[in-house]
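This report refers to the structure that appears directly beneath it.
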Amino acid sequence: MVALTAEKQDHNLLSRMAAGDGHGENSAYFDGWKAYEENPFHPIDRPDGVIQMGLAENQLCGDLMRKWVLEHPEASICTAEGVNQFSDIAIFQDYHGLPEFRQAVAKFMEKTRNNKVKFDPDRIVMSGGATGAHETVAFCLANPGDGFLVPTPYYPGFDRDLRWRTGVNLVPVTCHSSNGFKITVEALDAAYENARVPVKGLLITNPSNPLGTTLDRDCLKSLVKFTNDKGIHLIADEIYAATTFGESEFISVAEVIEEIPDCNRDLIHIVYSLSKDMGLPGLRIGIIYSYNNRVVQIARKMSSFGLVSSQTQHLIAKMLSDKDFVDEFIRKSKLRLAERHAELTTGLDGLGIGWLKAGAGLFIWMDLRNLLKTATFDSEMELWRVIVHKVKLNVSPGGSCHCHEPGWFRVCFANMDHQTMETALERIRVFTSQIEEESLKLTKQMAKKKKCWQSSLRLSFKDTRRFEEGFFSPHSPVPPSPLVRAQI
Amino acid sequence: MKQLSTKVTSNGHGQDSSYFLGWEEYEKNPYDEIKNPNGMIQMGLAENQLCFDLIESWLAKNPDAASLKRNGQSIFKELALFQDYHGMPEFKKAMAEFMEEIRGNRVTFNPKKIVLAAGSTSANETLMFCLAEPGDAFLLPTPYYPGFDRDLKWRTGAEIVPIHCSSSNGFQITESALQQAYQQAHKLGLKVKGVLVTNPSNPLGTALTRRELNLLVDFITSKNIHLISDEIYSGTMFGFEQFISVMDVLKDKKLENTDVTKRVHVVYSLSKDLGLPGFRVGAIYSNDDMIVSAATKMSSFGLVSSQTQYLLSALLSDKKFTSQYLEENQKRLKSRQKRLVSGLESAGITCLRSNAGLFCWVDMRHLLDTNTFEAELDLWKKIVYNVKLNISPGSSCHCTEPGWFRVCFANMSEDTLDLALKRLKTFVESTDCGRMISRSSHERLKSLRKKTVSNWVFRVSWSDRVPDER
């Protein structure tokens, strides 16, 4: 009794925010991370381990990055070539950021938008990754209880980033597979009219996570028009801007507003980051770019809570100022993304597995609706557990992205080498051929016995391996990198 | 403007305060020995610029760490991908050991209870989010760091209720002041969630005495509330006393593994002790697993850059370096503080006797026209605009008595400090008070020195020198 009272006391001593689930990590979807953490795939050490296909990381051009860093010791403030700048950089905590950093980032943003638009370095505000950027934007544009419209499916982290500490709500704008998950004005209107909270803005991710699609010019214009008409903000998360490949073209909202003369730019904001385009999530480079002066001012003051390390600002300023390197990096990155994407999708095509046609992002949106016993999220969950625990691939189920329809899965491809991709595809081949076998068996048995098959899946696996059902929350939604594992 | 949040439209960021306005004036006209010798000297910035040479020489001897290599191989690719919010294990281990070393290895810090944050700015805000609901209050002794108004209140909705400290006892925290603050919070209808102290204190430059620490621990025990001890200046202690952390007191009172210990949280940073504010390295240390867990998740909003973690874990793991650094840092800070204090004395100005920090708490009450904050602001404006020294007025630190100013000494060269003191002396001598000084300087200084000595005697009170403590 005493222990219970003590526990209750403890609980009351923390804020509801700390004691509650607002961080979103108690969701059953973290089971996949846990499975990977416990048994991560390694081609030699753990060939039967779980392959991580739930992590949207761009690991395909790390070699280019490493080479540049080695060849440019002056970009570091710690090497003999760069240490003369050490003290100046080490004390630099001005929340405006190093001017050369902002200029270099502005130029990079222009480049990734095919130089069709100019970015003003004085509007560049730093943040702790895109994670910090989104939270700051939410703090600036909405009061607790207000809402942002977000088209579904969307990045699961938004539930935490936009809502947890801000008290802001997310109002889903339902998108359907029937039209390729495009955002329609009808869906926007419906969501806006039926919202039970005051709507303050619309958040779009373009290119989309988890879909990998890009918004076309007309659609973007209609979104700008919609938000302008309603007097609400438009926040465009463009962190995958440079991940387009093949024929796909990325059009930024920055470009589109130039074509709308009476656009109220005070309502337009962009969130950017170097985590995806450059594959540098560890360096925590988030950017808020707002056309609203007051928001720039205040977001800048809030950036004190998540400035970019000056050591990193200095490195990035040097790196992004190297025009030749940047051009080469973007070119090769797109080529390699296209290659890896093609590898995965060709493999899936061969197996008759559908995927949403898209030309950007670090993932594909895979269609496994025909493998569901029933068109329900329970069925999706069961299929997902089979994929994670038996096929040993950590993919992200559509339900975790708030997809309206069950059966879709986000599958990442840019965080692995060719060999691992081959292994993943092989496992999927085995999985689908087992399904085919079972299907034939079932058909025969059903014809004989005319009984209903009580299986949890449409088709079940007769597998002797033990099926472990764990629902633990992992330590982290992001598994430790090889760097950490090597040290533990 | 209704399209923006109230956080934007109000001025909860606190940056309309004179503390920040002084900075802005400095930005417009910064002193440079060669390019702008008449410019404003920045004495409002609590930065430690005295020991970069030690770090630079370490870098020269450690090329692997300096160039992000391990065993000669570049690990840039791995670092670029490392975004685990638990932080690098070797970095947290090094941080824990560094914090232990600063406390004379009398207490231990478990690396697993460290949560990294983007500077102590972020660490303090995160702790507020974890401990307080909007409208809850934390008690803070005055004067306090002006940034707390932003860090603790702005986005969290928490409130600060001051614990009034006065010069009559060297601004020490008393039991009656604590109780009064607690009651005041209740009168205002605010639920008190805890007390936050800065130890060593900013802006006072003094470490809390054992008596005060015991008082605080007893107070939070009886009220069942939290204690946050912001110890970001713990490595700047240069007095002959040792730095006593709240962790020392918990250990000495045998409160480890009790509920009370779970309510005591330490905030740390490498911005002051190592002089690396640009790197944004802050930490929360808590014995409460739920706090560690929640704060760890919140740290996603402000993680420490992986390349910075890697560099600093190598630096702090070098025990030869850390012990040499801490010793030398303290020597240089002491010498610089002495220079400031004696320079001020020659201008007829005394300070609170300090034994830590990067600044002195300077008594300019005798220079005020009237004993009011208006007079203080007038004096401050003269010093900023005419004398061209950016110093921080006590009112910006919520001091209850007008006439006190925080003056930093560790962010400039000796020559610049001497010039600043010369300017100040010239100014003082030009005022009525200054003329009085020049007429009877000997008598006045004598009596000022007596006052200084009595302050000194008071702070180093008998209870701190009880033989059975260490």
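Going down the list, the sequences are from chains A and B. Note that our numbering has the first sequence beginning at 25, numbered continuously upward. Note that our numbering has the second sequence beginning at 1303, numbered continuously upward. C-beta atoms are modelled at their ideal positions from N, C-alpha and C, and glycine is treated no differently. A quick note: this is a predicted structure, and the numbers were derived from the prediction, not measured.
| Query | Result |
| --- | --- |
| What residues of chain A sit near L1618(B), judged by a beta carbon separation below 7 angstroms? | Within chain A, no residue comes near L1618(B); the closest Cβ sits about 14 angstroms away, beyond 7 angstroms. |
| Strictly below 7 angstroms CB to CB, what residues from chain A border T1423(B)? | S328, F329 |
| Quick one: what's got a C-beta closer than 8 angstroms to K1727(B)'s C-beta in the same chain, skipping five residues either side? | G1645, S1648, A1649 |
| From what residue to what residue does the alpha helix (DSSP H) around L226(A) run? | Not the alpha helix (DSSP H): L226(A) falls in the beta strand (DSSP E), residues 223-229. |
| Please classify G1437(B): is it buried, with 16 or more other beta-carbons within 10 angstroms of its beta-carbon, or exposed? | exposed |
| What does a CB cutoff of less than 6 angstroms around N1350(B) pick up in its chain, not counting 5 residues either side in sequence? | K1574, G1577, L1660, A1712 |
| Give me the chain B residues within the contact set of K206(A), using Cβ-Cβ distance strictly less than 7 angstroms, ordered along the chain. | Correct list: empty, because the minimum Cβ distance to chain B is about 27 angstroms. |
| Would the region 369-382 of chain A and the region 445-456 of chain A be scored as touching if the rule is three or more Cβ pairs under 8 angstroms? | yes |
| Mind reading off the beta-carbon distance from A266(A) to D301(A)? Whole number of angstroms is fine, and I expect it under 8 angstroms. | 4 angstroms |
| Give a yes or no on whether the minimum CB-CB distance between H1528(B) and chain A is below 8 angstroms. | yes |
| Return the CA-CA distance between Y313(A) and R184(A), expressed in angstroms with no decimal places. | 21 angstroms |
| Can you confirm whether T103(A), when its beta carbon is compared against all beta carbons of chain B, has any partner nearer than 8 angstroms? | yes |
| How is L417(A) classed by DSSP in three states: helix, strand or coil? | strand |
| Starting from R1641(B), trace the alpha helix (DSSP H) both ways and give me its first and last residue. | 1621-1648 |
| Write down the C-beta distance between A594(A) and L386(A) rounded to the nearest angstrom, noting that I regard them as a contact closer than 8 angstroms. | Only positions 25 to 512 of chain A appear in the structure, and residue 594(A) is not among them; the question remains open. |
| In three-state terms, what does DSSP make of Q76(A)? | strand |
| Classify V192(A) as helix, strand or coil using the three-state DSSP reduction. | coil |
| Could you pull out every residue in the same chain whose Cβ sits closer than 7 angstroms to the Cβ of K1636(B), ignoring the five residues on either side in sequence? | F1540 |
| Using 8 angstroms as the threshold, is the C-beta distance between V1548(B) and V1562(B) below it? | no |
| Check distances from the C-beta atoms of the region 1560-1591 of chain B to those of chain A and list, in chain order, the residues that come in under 9 angstroms. | D1561, K1564, R1565, S1573, L1576, G1577, L1578, P1579, G1580, F1581, R1582, V1583, D1590 |
| Taking only the alpha-carbon atoms, compute the straight-line gap between T1652(B) and T1508(B) and give it to the nearest angstrom. | 15 angstroms |
| Check for me: the alpha helix (DSSP H) holding Y1687(B) runs from which residue to which? | Where Y1687(B) is concerned, there is no enclosing alpha helix (DSSP H), given that its DSSP letter is neither H nor E. |
| If I measure Cβ to Cβ from I292(A) and keep anything under 7 angstroms in the same chain, skipping five residues before and after, which residues do I get? | L258, V277, I281, Y315 |
| Please list, in chain order, the residues of the region 1429-1447 of chain B that have any C-beta partner in chain A closer than 7 angstroms. | F1431, C1432, L1433, A1434, E1435 |
| Could you have a look at T237(A) and say whether DSSP puts it in helix, strand or coil? | coil |
| If contact means a Cβ-Cβ distance below 9 angstroms, which residues of the region 160-174 of chain A contact chain B? | T160, A162, F163, C164, L165, A166, N167, P168, D170 |
| Give a yes or no on whether the minimum CB-CB distance between R40(A) and chain B is below 8 angstroms. | yes |
| Return helix, strand or coil for I1522(B), following the three-state DSSP convention. | helix |
| Would you say V26(A) lies against chain B (beta-carbon separation less than 8 angstroms)? | With a pLDDT of only 39 at V26(A), under the threshold of 50, the placement of this residue in the model should not be trusted; the figure read from the coordinates follows. V26(A) does not count as touching chain B. |
| Please identify, using Cβ separations under 7 angstroms, the residues of the region 42-66 of chain A that lie next to chain B, in order along the chain. | A42, A43, H47, E49 |
| At the 8 angstroms Cβ level, is Q1626(B) part of the contact set with chain A, yes or no? | no |
| When DSSP labels each residue in this structure, what does P175(A) get in the three-state scheme? | strand |
| For a test of the three-state rule: what should DSSP assign to I16(A), helix, strand or coil? | Only positions 25 to 512 of chain A appear in this structure, which leaves residue 16(A) out of reach. |
| For a cutoff of 8 angstroms on Cβ pairs, would you count V277(A) as touching chain B? | no |
| Counting beta carbon pairs with one atom in the region 1437-1447 of chain B and one in the region 1622-1630 of chain B, are three or more of them shorter than 8 angstroms? | no |
| Which bits of chain B does L307(A) rub up against, with CB to CB less than 7 angstroms? | A1382, S1607, S1608, Q1609 |
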